[in-house]
Structure formats: structure tokens, C-alpha cells
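405 is the number that the numbering used here gives to position 405 of the sequence shown; each next residue is one higher, with no gaps.
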Amino acid sequence: MSYFAPAGTPVTLGDIARGATRSSRSSHSNDFLAAQMRRLSSLPHAWLMSSGRAALTVILRAMSAVAADPRRDEVIVPAYTCYSVAASIARAGLRPRLCDIDADTLGICPAALERCDFTRVLAVTCSNLYGIPDALAAIERIARERRVFMLDDAAQALGATLADRPVGSFGDAGLYSFDKGKIICTMQGGAIVCPNGDLNETLSLLVAALPDSSLAESLYRFAQLPIYALCLRPSLYELVRKLSFLGLGRTVYETGYPIARLGALQAGVGAELAGRLAALNEQRRGNAARLSEALADLPGVHLPRELPHSKSVYARFPVRVPAAMRDELVRKLDHVGIGATASYPRPLADVPEIAAMLRDPQSDVSRAREVASQIVTLPTHAYCPSDLGERVRFVLADIGRSPRQQAEGMR
Ligand SMILES: *Cc1c(COP(=O)(O)O)cnc(C)c1O
């Protein structure tokens, strides 16, 4: 049976071969990819890192060093985001402070941010989940007014824009991820980008002091790439998703990741993929538009709403359905070969390791909790069939019918 993976980048064997060749010519692949990241972010500084988490940790360490105020040890994060964000905050010796989200963009709600207690805050991070830009201009303005740093986490949003500004370029520093399920994939990897200002010298020093990714780690990840590339094909995904060493689809809270610079092999493949970023993202946007059209008028189904003047890149297409039918929907889509997910299963406040770090565990995260119970992400990558929306619609209609109608339909 064919199976459409929840997310992914259609890496080709050509990308892998050309990337390896590029990396064998001295350190060109790293310089080349860093230059691409500067161009894509329109910012003057970029450093390549072993992961998005490593990038996040180093940015936060730089912010702490520049602020030079040990009382400022909190980072405001959206109450619904990737658990890695909270793990990176812990790794930097800081604590998260949760801010509720907006159900349209699924990012920080600016009105809720205004109500946050900034007394001990060092920085605000956004999330740009699924490649949909957050209210970045408003968040940037609030961060400036409150004199805290802003970190534009564009792990899932390479190539997205808001008012013609690249997502990742808002605030004081940004990051991108090259992990599985992000916009481009080198198995693991990420980048820091930064404008001229207080942070770039400190970042430069911190990154220079890091080790290179170990050769063993780099070769291991590189060896996984062709498997990943094949795995994304609908005819093989069913088989290969059982290979648990690829670590597909897991959301864990884990702070033991390496903090290092990106290996040359990964940078080589990253450069190939960044070179065709526009085409990869157009493909995802087209698929998202078709999904949107097919699901638009269904009762109880909420589609994401983009902010005016924004361009999303849709690493996935998130919809919200009534909580009571969410798990059944994910299960039934899985059954017909559509890799839907319930995304992050819980808001950050309900992850025990994260809750233990909060100074204000009672803060209102009701919207995040609601979204966590309703969200379903649908795939948007190049291997998705053009009638994916109709297929999802069909499954939804089936769930909508009462058990008696379903039984009659089966006769
Ligand atoms: C994936 C992700 C990260 C971490 O990136 P990795 O490369 O997986 O370490 C950070 N923030 C967000 C919003 C993410 O989705």
C-alpha cells in the first residue's frame, strides 16, 4: 500500500551525491551554505550548527552574556510549540515562561504577550509553526518596548515572509532547522542568523569556540540520508517507517544533544536543497492551497488563517477539528495511507519536565490546551497526490455520520 509521510523534503540521490562532492572540495560547502542562509534571511551574519536546538541554545547563551544580568533568566515561549524549544532553554541555564497562542496563526498571541510579567525576562521566542508566520512585527515591537531580546525561531519556516521580510530575520537573532520534517533536510542541522548589533560578535566568539560535529556523527547522519530519501516515497514509506533508528515522528523532551558546528557533508546536501528552496516551497504551498480548497466549507473544520501580507511555506498543513473526533480522524487517515499527526500531543505546561521549570505554572494557556486537543497536521510534500484534500474530506464525512448510518453504509 502506498503511504504519504506526514512531512519531509524530497531529497534525491543526486542531491546527496552532489552534496558529498561539494563537501570534499575543502570547506566550500560550509561557506556556500552559510552564504545562502545570509541571502535567504537578508541578514549579514550566519553560522551553521549541528541542530536547531544547538542554534537555539547558543543564541540564548549569547543573549545572556550580552544582557549580563543574572536576574534575567526567563525566556517567553509560546505555550504550544516543539518541546525542543523548552529543552534548549534549560540547556542554556534559563527557564521558560509560557505565553498563550493565537488559534489562527498558532503562534504567540500579541495581546497575551502584552499581559506577561517581564520582570525577569531575557528574551521572547516565536515559533512560526508549520511554516506559518507569527505576528512577528507585533512581537518585535513589544520586545523592543519591554527592552528584551527577540529570537525569531524559524525552524519550520525557511523561505516564509511577512511584509516581504524573511521569517527568521525579525528581532535580534533567528534560527533555521535542517532536521527531518522541516523545510530542508540534512537529517540534523541548523543555522543561526543575526543582524549587525549587540549579539553578532558574541555569537561569533561562541560559535568559534565550539567543536566541529564529530566525523562519526556526521557519517552516521549522512548514511541515513539515502534511506530517508527513499523512505519518503509513498510506495516505500509503509515499509521504512518501521525502521525506528531514523527517529521519525517522535516528540521527546531531551537535553543531551551535541552542540557543535555542522559537518561538511551535511552542509553540502543542505546547499543543494537550499538551491532549490523556492521550488520545494512552491510545491508545498500549492498542495496546501488544494487542501484548503477541498476542506474549506466543512462544518467543524478550522483552517489556518494567514496574517495579511504573509507568505507561509507549509511544512505541514494544520487543521483543527472537534477534540472528540481528532484521534479517530488521525487513525482513519493512517488507515487509508495518509500520514496525519496529532502534532505535539500536549501544551508545554502539561509536559512534566517543563512544568517543573515554570515560575508561574498557573498562567493561562487555555488556547494552547485547546489547540493541542484539536490539531491534525496533513502532509504537503512533493509526493502528495493532487486529490489528497478529497481523500481527507471523504474520511471526515465518514466520521461525521452517526454509528447507525455508518453501519447502514457498511451493509
Ligand atoms: C524542530 C524545531 C526546533 C529544533 O530544531 P532541531 O533541528 O530539531 O533541533 C526548534 N524550534 C521549533 C519551532 C522546531 O520546530
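All C-beta atoms, glycine included, are put in the ideal place defined by N, C-alpha and C.
Output yes or no for whether 9 Å exceeds the beta carbon distance between Leu48 and Gly190. Translated into the one-based positions of the sequence shown, residue 48 becomes position 48. Translated into the one-based positions of the sequence shown, residue 190 becomes position 190. Yes; because the gap between Cβ atoms is below 9 Å, this pair is in contact.
Can you give me the C-alpha to C-alpha distance between Leu94 and Ser214, rounded to a whole angstrom? Position 94 of the sequence shown holds residue 94. Position 214 of the sequence shown holds residue 214. Those two C-alpha atoms are separated by around 27 Å.
Taking the beta carbon of Thr377 as the centre, do at least 16 other beta carbons fall within 10 Å, making it buried, or is it exposed? Position 377 of the sequence shown, counted from the start, is the residue given in the question as residue 377. Counting Cβ neighbours within 10 Å, Thr377 comes out buried, since at least 16 surround it.
For Cys99, verify whether its CB is less than 8 Å away from any heavy atom of ligand 1. Walking along the sequence shown from the start, residue 99 turns up at place 99. No, the Cβ of Cys99 stays beyond 8 Å of every heavy atom of ligand 1.
DSSP three-state assignment for Gly174, whether helix, strand or coil: Counting from one through the sequence shown, the residue named residue 174 turns up at place 174. The answer is strand: DSSP assigns Gly174 an E or B state.
Shorter than 8 Å, the distance from the beta carbon of Ala138 to the closest heavy atom of ligand 1, or not? Your numbering for residue 138 matches position 138 in the sequence shown. No, the beta carbon of Ala138 sits no closer than 8 Å to any heavy atom of ligand 1.
Contact between the stretch 75 to 91 and the stretch 221 to 236 is defined here as three or more beta-carbon pairs at a separation below 8 Å; is this criterion met? no
Heavy atom of ligand 1 within 8 Å of Tyr257 beta-carbon: Taking the first residue of the sequence shown as position 1, residue 257 is located at position 257. The answer is yes for Tyr257.
Considering Gly190, what are the terminal residues of the beta strand (DSSP E) in which it resides? Working through the sequence shown from its first residue, we reach residue 190 at position 190. From DSSP, the beta strand (DSSP E) with Gly190 extends over 190 to 194.
Integer Cβ distance of Tyr80 from Tyr344, believed to fall under 8 Å: Here residue 80 is taken as the residue at index 80 of the sequence shown, counted from 1. Here residue 344 is taken as the residue at index 344 of the sequence shown, counted from 1. Tyr80 to Tyr344, Cβ: 7 Å. Contact.
Around the Cβ of Arg320, are there at least 16 other Cβ atoms within 10 angstroms (buried) or fewer (exposed)? Counting from 1 along the sequence shown, the entry for residue 320 is found at position 320. By the neighbour-count rule (16 or more Cβ atoms within 10 Å), Arg320 is buried.
Stretch-stretch touch, CB-based, cutoff 8 Å, three pairs: the stretch 147 to 154 with the stretch 53 to 70: Taking 8 Å as the limit for Cβ pairs, the verdict is that the stretch 53 to 70 does touch the stretch 147 to 154.
What ranges does the alpha helix (DSSP H) occupy inside the stretch 352 to 409, keeping only unbroken runs of at least 4 residues that lie completely in it? 352 to 355, 366 to 374, 388 to 400
Cβ pair count under 8 Å reaching 3, the stretch 90 to 110 against the stretch 340 to 358: yes
CB-CB length for Leu265 against Ser23, believed under 8 Å: For the purposes of this step, residue 265 is taken as residue 265 along the sequence shown, with counting starting at 1. For the purposes of this step, residue 23 is taken as residue 23 along the sequence shown, with counting starting at 1. That belief holds up - the Cβ atoms of Leu265 and Ser23 are roughly 5 Å apart, short of 8 Å.
Once the 5 residues before and after Val167 are set aside, which same chain residues still bring their CB inside 6 Å of it? In the sequence shown, counting from the first residue as 1, residue 167 sits at position 167. Closer than 6 Å at the Cβ level, and outside the excluded window around Val167, lie Asn128, Pro133, Ala154, Ala157, Ala160.
DSSP-derived helix/strand/coil call for Arg411: As a first step, residue 411 is located in the sequence shown; it is residue number 411 there, counting from the start. Unreliable positioning characterises Arg411 in this predicted model, as indicated by a pLDDT of 41, which lies under 50. The coordinate reading is nonetheless provided below. Here Arg411 sits in coil by DSSP.
As assigned by DSSP and simplified to three states, the class of Asp73: Here the question's residue 73 lines up with position 73 in the sequence shown. For Asp73, the secondary structure class from DSSP, reduced to helix, strand or coil, is coil.
For His309, list the residues DSSP reports as bridge partners. On the sequence shown, residue 309 is found 309 positions in, with the first residue counted as 1. DSSP, once it has assigned bridges, lists no residue as partnering His309.
Thinking just about the alpha-carbon of each residue, which of Pro44, Val11, Arg61, Asp100 is nearest to the one in Pro361? Here residue 361 is taken as the residue at index 361 of the sequence shown, counted from 1. Ranking the options by Cα distance to Pro361, first place goes to Asp100.
Complete runs of the beta strand (DSSP E) confined to the stretch 106 to 176 [at least 3 residues]: Segments of the beta strand (DSSP E) lying fully in the stretch 106 to 176: 121 to 125, 149 to 153.
Counted within 10 angstroms of its Cβ, other Cβ atoms place Met410 as buried (16 or more) or exposed: Taking the sequence shown and counting its residues from 1, the one referred to as residue 410 is at position 410. Note that Met410 scores a pLDDT of 45, beneath 50, so its modelled location is shaky and nothing firm can be said.
Short check: CB of Asp15 to CB of Val269, under 9 Å? As a working note, residue 15 is residue 15 in the sequence shown. As a working note, residue 269 is residue 269 in the sequence shown. Contact: yes.
Neighbour-count burial assignment, Met1, 16 or more Cβ in a 10 Å radius: If you number the sequence shown from 1, residue 1 lands on position 1. Answer is exposed; the Cβ neighbour count stays below 16.
By a C-beta neighbour count over all protein chains shown, 10 Å radius and 16 as the cutoff for buried, is Val75 buried or exposed? For the purposes of this step, residue 75 is identified with residue 75 of the sequence shown, where counting begins at 1. Val75 should be labelled buried.
Tell me whether His45 is buried or exposed, calling it buried when 16 or more other Cβ atoms sit within 10 Å of its Cβ. Against the sequence shown, residue 45 aligns to sequence position 45. By the neighbour-count rule (16 or more Cβ atoms within 10 Å), His45 is buried.
Met187 vs Tyr237 beta-carbon contact at 9 Å: Reading the sequence shown from its first residue, position 187 is the one you call residue 187. Reading the sequence shown from its first residue, position 237 is the one you call residue 237. Cβ distance not < 9 Å, so Met187 and Tyr237 don't count as in contact.
Counting only runs that start and end within the stretch 6 to 38, where is the alpha helix (DSSP H) found for 4 or more residues in a row? 13 to 24
Going by other Cβ atoms of all chains shown within 10 Å of its Cβ, with 16 needed for buried, is Arg316 buried or exposed? For the purposes of this step, residue 316 is taken as residue 316 along the sequence shown, with counting starting at 1. The residue in question, Arg316, is buried, as its Cβ has 16 or more Cβ neighbours within 10 Å.
Between which two residues does the beta strand (DSSP E) harbouring Phe48 extend? Here residue 48 refers to the residue found at position 48 when the sequence shown is read from its first residue. Looking at the sequence shown, residue 48 is not Phe but Leu. Looking at the DSSP string, the run of the beta strand (DSSP E) that includes Leu48 is 45 to 49.
Taking 8 Å as the cut-off, is the C-beta of Gly52 nearer than that to any heavy atom in ligand 1? In the sequence shown, residue 52 corresponds to position 52, counting from 1. Yes, since a heavy atom of ligand 1 falls inside the 8 Å radius drawn around the Cβ of Gly52.
Among Ile59, Leu13, Ala90, Arg53, which residue has its Cα nearest to the Cα of Ala356? The residue you call residue 356 lines up with position 356 of the sequence shown. Among Ile59, Leu13, Ala90, Arg53, the Cα nearest to that of Ala356 is on Ala90.
DSSP state of Met1 mapped onto helix, strand, coil: Taking the sequence shown and counting its residues from 1, one reaches residue 1 at position 1. Correct three-state label for Met1: coil.
Could you compute how far the alpha carbon of Glu114 sits from the alpha carbon of Leu298? By one-based count along the sequence shown, residue 114 stands at place 114. By one-based count along the sequence shown, residue 298 stands at place 298. Their Cα atoms are separated by approximately 34 Å.
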